Amino acid sequence: MKNWQKVLLGVGITFIVVLISIIFFSYRIINNTLPDYDGEEYSKDVMSSVEIYRDSLAIPYIKAPNDLDAYFALGYVHAQERLFQMDLIRRAGSGRLSEIFGKRTLPYDKMFRTLGLQRVVEQNLPKTDKQTLQVLSAYSAGVNYFIHQNKDNLPLEFAVLGYKPDDWKPVHSLLIAKMLAWELNISWWTDFSFTHLVQKFGAEKVKEILPNFEQNKEYIISKQIKSLELINSGLVNTDKKFREFVGFDGTHIGSNNWVVNGAHSTSGKPIIANDPHLAFQAPGRWFIAVIKADNKTMAGLTLPGIPGIVIGKNDRISWTVTNVMADDADFYIEQLDSSKSNYLLDGTWEKLNVIKEIIHIKDEDDIELKIKQTHRGPIISDIHPYNVMYPNKYRKNPVVSMRWTAFDYSSELSAFLAINNAKNFGEFKEAVKYYHAPGQNFVYADIDGNIGYICGAKLPIRKTSSPTLVFDGTTSNSDWSGYVPYDEMPKIYNPPAGFIATANNKVVESFPYHISNLWEPNSRILRITSLLKSKEKHSVKDFKAYQNDYYSEYASELVPFIIDAFKNAEISDKNLNLALKVLKKWDFKIGADSQAPTIYTNFLQHLIENIFADEMGKTYLKEYCFIANIPYRVVLQLLYQNSSSWFDNVKTSKYEMRDDIIRKSLTDALLELEYKYGSSLYLWQWGNLHQITFKHSFNGFSSFTDKFVNIGPFEIGGDGTTINNGEYSFNKPYANNLGPSMRFIFDFAEPDNFYCILPTGQSGHIFSSNYKNMTKKWLTGKYIKVNTDFRIIETGFSNKISFNSKNQE
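In the numbering used here, the protein residues as written are 805 to 1613.
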């Protein structure tokens, strides 16, 4: 062998050895960070023996002699699987993201420091009842046991970002709950948009495009709004960016839930179902758990960071939730004196409360933040720089403060712990009494065959019936005068219809207090109700089909307007003629493999633009469309009017009517589809445009890492009006960014089982086999069957961790 061949061979062997070594050590490092599902542990924080069984999907089955030991174990398994997810959200809520991400997250830290969620939960903690405090302490101890025992083998995200998590404290669980309230609190976003529109167009013009139900009271628009300076949208813009950063995308933040009693089920017992609609992430939001403690079993869906079952069942009852869409936040234009230290209220200067906080920034100097508060809440108008739509160096933007029910004391965790232990509707009703934010529609069933509903929300009492715009802060007439008494909140028990359903719709025809103007389009609730009335008795199999249903009542109402607009038109374009034939024959199911949804959704996109863009402009239109249910609802309102001034394109000499805009919108849609996807209509399947990717918080760092941390993309059906919610943003069509964050079904005829599925998996570890092992089932409408009978669990599952008291070591 020649010398150069020997050298080449030696280099090749060396390279292979080095590569094998890197792979070996990388595997060991990664493997060491993955959860261990077997072993024996000792802790001073458990009173007696606790056993944690795991099945093949990493679902934990916790068996403990008492509740506190069970919650210790739940904290431990949450930390095992989702520690980075938990830490990221508590950091966000406390305004500490910049400590690990640097200056780019400073606006989000300023926002949450200003809102003061951390201060709120710290003030709430001493008011919390003793039993809840004990649960919080036990849960925190379980999280911290994992952190301390694995300080050198933490999830990979901590190594990448170069930090280690702080100990978990009870306030952190309360903070996670507040962050959920913040995520689901969407009504206030429109306060700014509608105010801007009134300032530009006046009240009468804007009234035409405010979402309305005939049950809602008349909008009251103050004449003062028009004369005010442009309202600062800094909070809205910062919050949008924050939601993109952490993956809280989408605005159809709601859910479906329904229940039938035994007379309407094939099993003769109540069947209950729920599929909460939240932004898609990897890992997902929910974590399945089964807990047996103190001779009772609680099972269902938990939220990592919070002890207790949020949606699920115990031995006697089952409960599910959907977003009330409650309007529980208001904004006020304040007048400050020249020193900026006092604000005007009823002719008197009141002193602002000033709080100083220090924000630590990675690789940068600390900054001091001054937070100012009125009696209503924080001043939020200086949270982040923003671009004013009409720049004017002589104009000063109004000072705006915020009032939100979640700033007040609340005890959501106490409510859920009581719900977990409730045995009947009376105890359930008493438990929900302590639940305030985010407002939820609680649907209930029990082993005795009863079904029920409670609106669990803290609703402000205001002097105006329709608080959709910014208020005058200089008068106490704008203040809330208390909250709606719990006894007066909507409740239903064993209705004659034999079923109850909610889908973020208005649940009561007449109610003396304001709940919301931002109900979701009635498409989902109409479809659910139609299905529940379609047959006398329903099964679990039926409920699975309903949860995966892609029929759009909204499309069935809108498409006839398209057909009618072309009724007498001469059509020479081949694709236009074919598109109309496809829409006429369409069954209104928005399936991924169908072309009709593509034509319809693109038409709707252009219809919205052609109605509003000529007058609103791009900026206002984006604001207006950000909450997707607004354009959905308003477009139909306008179509029924036919002659609204909004149909006219002010940039043309012709006065356009409804059908002119409809015809133009379909033509525009087809031209765009031909340009992007080719001239053959048969290639325009909805799944080519509408796809889903479950994104990790590291998404976007590089295309290489995205392949490892993200799950997808996958073609998928649905839109924001189908039961199987496939929301996409009107501002960034057509990626599916929000939908069923889990699916849950429970039949009381099978007391030891429930059906469930997650979009990703139980684990947050990207190299775990449980990171994405439920995705395929979720995509194809399949479920897993979770057993809650510990006689079977103890004999059937081989993976087990035993926790013993330190004294037994």
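Backbone N, C-alpha and C fix where the C-beta goes; we use that ideal spot for every residue, glycine too.
Source: prediction; values computed, not measured.
C-alpha gap between residue i and residue j, whole angstroms
i: D1593; j: N1065; result: 24 Å
i: K952; j: K982; result: Residue 952 is actually His in this sequence, not Lys. In a straight line, the C-alpha of H952 is about 26 Å away from that of K982.
i: A942; j: F876; result: 5 Å
i: F829; j: Q1566; result: Only weak support exists for where F829 lies, its pLDDT of 42 falling under 50; the value from the coordinates is given anyway. Their Cα atoms are separated by approximately 26 Å.
i: Q1177; j: Q1003; result: 26 Å
i: E1476; j: H1068; result: 48 Å
i: T1599; j: D1132; result: 49 Å
i: Y1355; j: P1325; result: 14 Å
i: F1370; j: A1007; result: 34 Å
i: L1173; j: E1161; result: 5 Å
i: F1365; j: W1323; result: 23 Å
i: N1201; j: K1144; result: 14 Å
i: R1617; j: G1421; result: Since the first residue shown for the chain is 805 and the last is 1613, residue 1617 is missing from the structure and cannot be characterised.
i: A945; j: L984; result: 23 Å
i: T1564; j: H1081; result: 15 Å
i: S1507; j: G1516; result: 13 Å
i: N948; j: N1608; result: 16 Å
i: S1484; j: I1171; result: 58 Å
i: A1103; j: D1119; result: 9 Å
i: D1276; j: L1263; result: 20 Å
Coarse secondary structure for residue i, derived from DSSP in three states
i: I1403; result: helix
i: T1070; result: coil
i: L960; result: helix
i: V1236; result: helix
i: E926; result: helix
i: I1223; result: helix
i: T1456; result: coil
i: P1111; result: coil
i: E844; result: strand
i: N1608; result: strand
i: L1477; result: helix
i: H1342; result: strand
i: T1564; result: coil
i: A1462; result: Correcting the residue type first, residue 1462 is Arg in the shown sequence and not Ala. Helix, per DSSP.
i: P1300; result: coil
i: K1044; result: helix
i: V1288; result: coil
i: L988; result: helix
Of the residues the options, the one placed nearest residue i, counting alpha carbons only
i: A1241; options: N1127, K1348, P1325; result: N1127
i: K1337; options: D1368, N1308, F1303, Q1351; result: F1303
i: I1075; options: L1148, V1247, S1449; result: V1247
i: N1406; options: N1308, K1378, V1363, I1605; result: V1363
i: R1467; options: A1373, K1581, Y1532; result: A1373
i: H1494; options: F1518, N1514, F916; result: F1518
i: S1448; options: K1009, F905, R895; result: K1009
i: G1491; options: T1402, F1502, K1586, L1443; result: T1402
i: L978; options: K1458, D995, V1094, G1109; result: G1109
i: K955; options: E961, D1291, P969, F1534; result: P969
i: S1327; options: A1473, E1154, Y1358; result: Y1358
i: E903; options: D1169, G1051, P1544; result: D1169
i: S1360; options: L1330, A1349, L901; result: L1330
i: L1630; options: K1233, M1293, P1111; result: Because residue 1630 is not part of the residues shown, which for the chain are 805 to 1613, the question remains open.
i: V1386; options: L1470, H976, L1411; result: L1470
i: P1537; options: C1429, K1604, K1589; result: C1429
i: T1306; options: W1123, T1579, L958; result: W1123
Residue(s) in a DSSP beta bridge with residue i
i: V1158; result: K1176
i: M1129; result: Paired residue(s): none; M1129 is not in a bridge.
i: G1260; result: Q1244
i: W1062; result: A1077, A1305
i: N1614; result: Given that the chain is displayed from residue 805 to residue 1613, the structure contains no residue 1614 and the question cannot be resolved.
i: Q1495; result: E1519
i: E1531; result: L1542
Check whether the region 1244-1261 and the region 1058-1072 are in contact - that is, three or more C-beta pairs closer than 8 Å. yes
May I ask you to verify whether the region 1081-1093 touches the region 1204-1220, counting CB pairs closer than 8 Å and requiring at least 3? no
Under 8 Å, with one C-beta from each stretch per pair, do the region 1521-1541 and the region 1039-1046 reach the 3-pair mark? no
With three or more beta-carbon pairs closer than 8 Å as the criterion, would you say the region 1497-1505 touches the region 1439-1448? no
With a cut-off of 8 Å, do at least 3 Cβ pairs link the region 1344-1359 to the region 1447-1466? no
For the region 867-876 and the region 847-855, state whether three or more C-beta atom pairs, one from each stretch, are separated by less than 8 Å. yes
Do three or more CB pairs link the region 1294-1310 to the region 1150-1161 at distances below 8 Å? no
Cβ contact (3+ pairs, closer than 8 Å) linking the region 1224-1243 and the region 1135-1143: no
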